[in-house]
Amino acid sequence: MSTLLEELKSWGCDVDGAMERFINDEDLYRMCLGSVMEDKNFDGLLDALQQHDIKMAFEHAHTLKGVLANMGLTPMYDIIVRIVEPLRAGSDENLLGVCDELMQSKRKLGSLLEAA
Amino acid sequence: MAGKNKILIADDAKVDRIALRKILGDTYEVIEAEDGQQALEILEAQTEFDTIAAILLDLVMPKMGGLEFMEEYRKVESYRGIPVIIATVDGDVNTERECLKLGAWDFVSKPYDASVIQFRLRNAIERSEQQLSRELRYRADYDMLTGIYNKTKFFEATRATLNRNPSEKFVLLRMDIEKFQLVNSFFGSSSGDGLLCYIADEIRRFAGETGKVSFGRIEADIFGICMPYPGEEALIEFVKYLRMRLGQYALEFDVVPTVGMYVIEEEERKMPVDRMYDRALLAAKQCKGNYINNYAFYTEDMRDGIVREQQIVNHMRKALADEEFVIYLQPKYSLQDNKLCGAEALVRWRKPSGEMISPGEFIPVFERNGFVIKLDYYVWEKTCALIAKWIAEGRTPAPVSVNISRVSMYNPKLVEWICGLTDKYQIPRELLQLELTESAYTTNPKAIKETMERLQREGFSILMDDFGSGYSSLNVLKDIAVDILKIDMKFLSDSEKSGRGENILASVVRMAKWLDLPVVAEGVERREQVDFLHSVGCEYVQGYYFARPMPVEDYEALAFSRDRGHKEQERAMDAAGDSLWTATAQMEGMFSGMLDAAGIYEYDEESRSIGILRANNAYYDLFGYGDINTFGRRDSIEAVQEEGREELLETFDTLIKTGEMAECEFMRRLENGRWIWVHLKLKYITKVGGKHIIVGTISDITQQKKMDQELQKYRQALYAAEHAVRTILVVDDEEANRVSLRCILEAHYQVLEAENGAEALSVLAEHAGEIALILLDLRMPVMDGLTFLERKSKDSAIAGIPVIVITADDTTGRQLQTLELGAEDYIVKPFVPEIAFRRVEHVIGLGRLMGQVVTAGEKGLEGEKI
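Protein chains in written order, with the working numbering: chain U, 1 to 116; chain P, 1001 to 1866.
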């Protein structure tokens, strides 16, 4: 297993589960990790939260939740769940802070990918 | 299978699509859509032979989300066969419920588990394919309009039924509807279709679930039925019942089935079914157009008849062109002075060889193939020419009547044609009389009545031929335009009971006088008949006793050799006939000869008592000769079952209010103590001294009631079988779980419970045959779920029962192991009722579908083996 995957694992990601979904195709998995970094839903979520557009924010967050779950990015998934649920209930209170956490963890993912 | 199944993935997250493509790419051809809108476009673009096998649908997408997509998807019927599996991220129960309502088949949750996705997809596709193949099979085997077998499948099914019951004797029936094409042309083809569906339903009702009756729609209005042969009498009863049921179809048209029957003899059992059908068809041809007997059995000599008929058909056109059809005239005489007062034009076929073919032989053939229209016109024209010739010769001819066959009555140009002829030959219209047989009136009274009235307005006299031979003679008279009645003596002398025929004739003559209608008695052959006719006041006669049908020259010699000098004068009737007693006396004569049981009732509305004044022969036949004596004249209601009495009295009350008609059904005791069901139809006549005089006709509907009850029983049994409660065994150590599953399933299933694997095995031992599904927890004391599954898979008696595993968490590991052990699916705790129920339904439904497909397959094979 490559260093990247080891590092993702030690960060708390469910790499095994994700690899199973990608039928152990590591290249494909890496490619997808790259597209997570470019996923416009992150910015869309931030924008929507700033404009208090809860419906839009929920759509972005919800999509991210699915993606992060499938990618096995558990630390990020745990954060997005904390955004999705209040939004589902119609509240965006304090979510900008949580979103900031999400962006930080996204940067962490980015640095891991760059290092690899 | 040609190529891989196509899967449509609709998800806006590219990564998710990539993951799915990775998981499914080997097994399926994957098509991607980024949102609902795109997915719909892809669905719209698919062709019939290149369809999407399943859709995996994300819920939250830009442009058009999953729910909106489902709204559109469910609007298109052809899409509904494509299973949709919803990808959910989180257990958003409300959304999932919404999806189920919109027609989603199942769910998978993100993050995806490769095995679960594969499994759910495969399940959904199999189910939809089975549905499709069922539908294709259906299209191949069934008639799309009526939903019963088509010709090919009916023949197959008949063969299979014959083979399955080698020791039983069967009969093959071929049925169609008299003049069905008229229904389409008069009432529109949707009415025709409605009638066909009604007929199919009636046959289906009759066939029930015995498995020994096969039936189908051959084509157009033709149906086939093969059933165990119940003996001639019972079969004829059945055919009559069928006619009665079809007659009840609400349409201004007398729906008369023609039934050809071929009793399959032992030595002919191996004959191909289509040849059996041909024989039933031969039989059916024999009775086409015969309104009295609408059925016929196949006999060997029918084949000879067909050959003969074919010869007639082959030569008819040339014969008409060559004038081989010649006019014969049969004189009519006035009884008052024995003088000739007219003639009926008849037709004979004289072949160049001199051979004469009897009209009895060729007329029915022409009536069947419609050629009779041409022959009719030929005879009319010849007759007109003859009358014109007589006038030109300076004679004063008496009227000559010509026949209008039933088929000609439907000729929309009939009036035009006949008027055209009298104009062309310039003859007074009263010299050409038109004879129409009574049964024609009953076919479509409204249309016929209109034509008759037009002809009368044009100055023609209408004779009703064969009066009394049909079954509604008495009703017809008051409604229809007719100037002269003809009654056949032969019909009278056929009557078994002596005196009865004479009674009828006397009644008819009396009634005709009452209505101001002259009566011609035809078929008069003996002196006694003449005397009798004299005595009852019949005015005109026709028959061998006076003169046979003769060639024109002979008739001319007879008619013009001496001065007929006779102009008949209607005898003035005594105008006192208006009083009640004359009326009842006449009525009495009338109904005494009726074929239906009838009685004249007297009703006192104050005391609500019903008395019977008179009853006819058929009444005594039905209730027994001592009936009225036994029950007395005043209290005939005593014989009626108590529960029915109030309704009967109410029917009388209603009748005297409306003064028209009323009817009811009730059970009534016979003289011998037996109970029968009767239908009573009442017609108001008049009021005499505070009492109402009412005529009632009574029919015995016991058989019909019995059949209805039998059918009701069948239906209940069928319903019970279809809705049999299916049993589910819930195995879980947590009582809370068992209770909650019981709550979810109880309304639709019977639920049994077990606390662990061991207990489950013993419940199974007791109820093995009944349990349709097992819901199984994995972690349990004593015997856990896995051990149970292993044990179950080794016991052939219970190995086939499907299992759904109950699991605490939605991810990985164990569950896969259970799927490998043969579980069909799993339900996650905490249970979402709709989802748990749906999953149970899916698994049980799959088993049921499989069963049906297997049975259908076996039946198909059985058909093909032969």
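Note that beta-carbon positions come from the ideal geometry of N, C-alpha and C, so glycine has one too.
Inter-residue spacing [alpha-carbon to alpha-carbon] between residue i and residue j
i                  : j                  : result
Val1640 of chain P : Ala1234 of chain P : 29 Å
Asp1254 of chain P : Ala1597 of chain P : 22 Å
Glu1834 of chain P : Leu1100 of chain P : 8 Å
Leu33 of chain U   : Val84 of chain U   : 21 Å
Arg1633 of chain P : Lys1382 of chain P : In this prediction, Arg1633 of chain P scores a pLDDT of 47, lower than 50, which makes its location untrustworthy; the coordinate-derived value is nonetheless stated afterwards. Each residue's alpha carbon lies about 60 Å from the other.
Leu1067 of chain P : Thr1654 of chain P : 59 Å
Glu1034 of chain P : Asp1011 of chain P : 5 Å
Asp1578 of chain P : Tyr1684 of chain P : Legend: pLDDT at Asp1578 of chain P = 30, less than 50; position of this residue unreliable, value from coordinates given subsequently. The straight-line gap from Cα to Cα measures roughly 16 Å.
Glu1268 of chain P : Asp1278 of chain P : 13 Å
Ile1610 of chain P : Met1244 of chain P : 30 Å
Thr1727 of chain P : Phe1837 of chain P : 14 Å
Asp1563 of chain P : Tyr1620 of chain P : Because Asp1563 of chain P carries a pLDDT of 44, less than 50, the predicted location of this residue cannot be relied on, and the following value inherits that uncertainty. Cα to Cα, Asp1563 of chain P sits roughly 52 Å from Tyr1620 of chain P.
Asn1123 of chain P : Val1731 of chain P : 24 Å
Gln1542 of chain P : Gly1523 of chain P : 6 Å
Asp1423 of chain P : Val1307 of chain P : 41 Å
Asn1411 of chain P : Leu1282 of chain P : 27 Å
Ala1720 of chain P : Lys40 of chain U   : At Ala1720 of chain P, the pLDDT of 49 sits below 50, so the modelled position is not reliable; the number obtained from the coordinates is stated separately. Cα-Cα distance, rounded: 58 Å.
Glu1029 of chain P : Asp27 of chain U   : 22 Å
Leu64 of chain U   : Leu113 of chain U  : 19 Å
Asn1756 of chain P : Leu1008 of chain P : 42 Å
Glu1393 of chain P : Thr1658 of chain P : 60 Å
Gly1420 of chain P : Glu1647 of chain P : 57 Å
Ser1699 of chain P : Glu1265 of chain P : 36 Å
Gly1216 of chain P : Ser1189 of chain P : 20 Å
Lys1792 of chain P : Ala1754 of chain P : 15 Å
Tyr1249 of chain P : Tyr1198 of chain P : 8 Å
Val1552 of chain P : Ile1404 of chain P : 20 Å
Ala1797 of chain P : Met19 of chain U   : 41 Å
Gly1624 of chain P : His1748 of chain P : 55 Å
Asp1733 of chain P : Leu1778 of chain P : 9 Å
Contact set for residue i: own chain, Cβ-Cβ below 7 Å, skip 5 residues either direction
i                  : result
Asp14 of chain U   : Gly72 and Thr74
Thr1451 of chain P : Met1409, Leu1414 and Val1415
Met1783 of chain P : Asn1756, Gly1757 and Ala1758
Expected contact under 8 Å - CB spacing of residue i and residue j to nearest Å
i                  : j                  : result
Val1536 of chain P : Leu1485 of chain P : Going by Cβ atoms, the distance from Val1536 of chain P to Leu1485 of chain P rounds to 13 Å, so no, they are not a contact pair.
Ile1023 of chain P : Arg21 of chain U   : 6 Å
Ala1343 of chain P : Tyr1555 of chain P : 6 Å
Ile1055 of chain P : Ala1039 of chain P : 7 Å
Phe1223 of chain P : Ile1203 of chain P : 6 Å
Pro1257 of chain P : Met1316 of chain P : In fact, because the Cβ distance is near 28 Å, the residues do not count as touching under 8 Å.
Met1667 of chain P : Gly1644 of chain P : 6 Å
Start and end residues, alpha helix (DSSP H) containing residue i
i                  : result
Trp1105 of chain P : Careful: Trp1105 of chain P lies outside any alpha helix (DSSP H) and carries neither H nor E.
Leu1242 of chain P : Glu1232 to Gly1247
Tyr1555 of chain P : Val1552 to Phe1560
Asp1376 of chain P : Val1372 to Ala1392
Met1061 of chain P : Unbroken run through Met1061 of chain P: none, as it is neither H nor E.
Gly1757 of chain P : Gly1757 to His1767
Residue range of the beta strand (DSSP E) that includes residue i
i                  : result
His1692 of chain P : Lys1691 to Asp1700
Arg1368 of chain P : Careful: Arg1368 of chain P lies outside any beta strand (DSSP E), inside the alpha helix (DSSP H) at Pro1359 to Asn1369.
Val1313 of chain P : Taken as a continuous stretch (DSSP letters only), Val1313 of chain P belongs to no beta strand (DSSP E), being part of the alpha helix (DSSP H) at Asp1301 to Ala1321.
Asp1604 of chain P : Ala1597 to Asp1604
Val1519 of chain P : Val1519 to Glu1522
Glu1219 of chain P : Ser1214 to Glu1219
Thr1686 of chain P : Trp1675 to Val1688
Residues of its chain near residue i, where Cβ-Cβ distance is below 8 Å and the 5 sequence neighbours each way are ignored
i                  : result
Gly90 of chain U   : Ile54
Val1213 of chain P : Thr1161, Phe1206, Ala1207, Ile1225, Cys1226, Met1227 and Pro1228
Glu11 of chain U   : Checking the sequence, you will find Trp at residue 11 of chain U rather than Glu. For Trp11 of chain U, where only same-chain residues beyond five positions count, the Cβ hits under 8 Å are Pro75, Lys108 and Leu112.
Thr1184 of chain P : Per the sequence shown, residue 1184 of chain P should be read as Asn rather than Thr. Within the same chain, Asn1184 of chain P has close Cβ partners Ser1191 and Gly1192.
Residues near residue i in its chain [Cβ-Cβ closer than 6 Å; skip 5 each side]
i                  : result
Val1273 of chain P : Phe1155, Thr1158 and Arg1159
Lys9 of chain U    : Val15
Gly44 of chain U   : His60
Met103 of chain U  : none
Glu1458 of chain P : Cys1419
Contact test: residue i Cβ vs the ligand MN heavy atom, cutoff 6 Å
i                  : result
Lys1332 of chain P : In the structure shown, the ligand MN is absent, as is every other ligand, since no ligand is present at all.
Practice task
Quick one: which unbroken alpha helix (DSSP H) runs of 4-plus residues sit fully inside the stretch 1128-1204 of chain P? Chain order, please.
Solution key: Counting only runs of 4 or more, we get 1151-1164 and 1180-1187.
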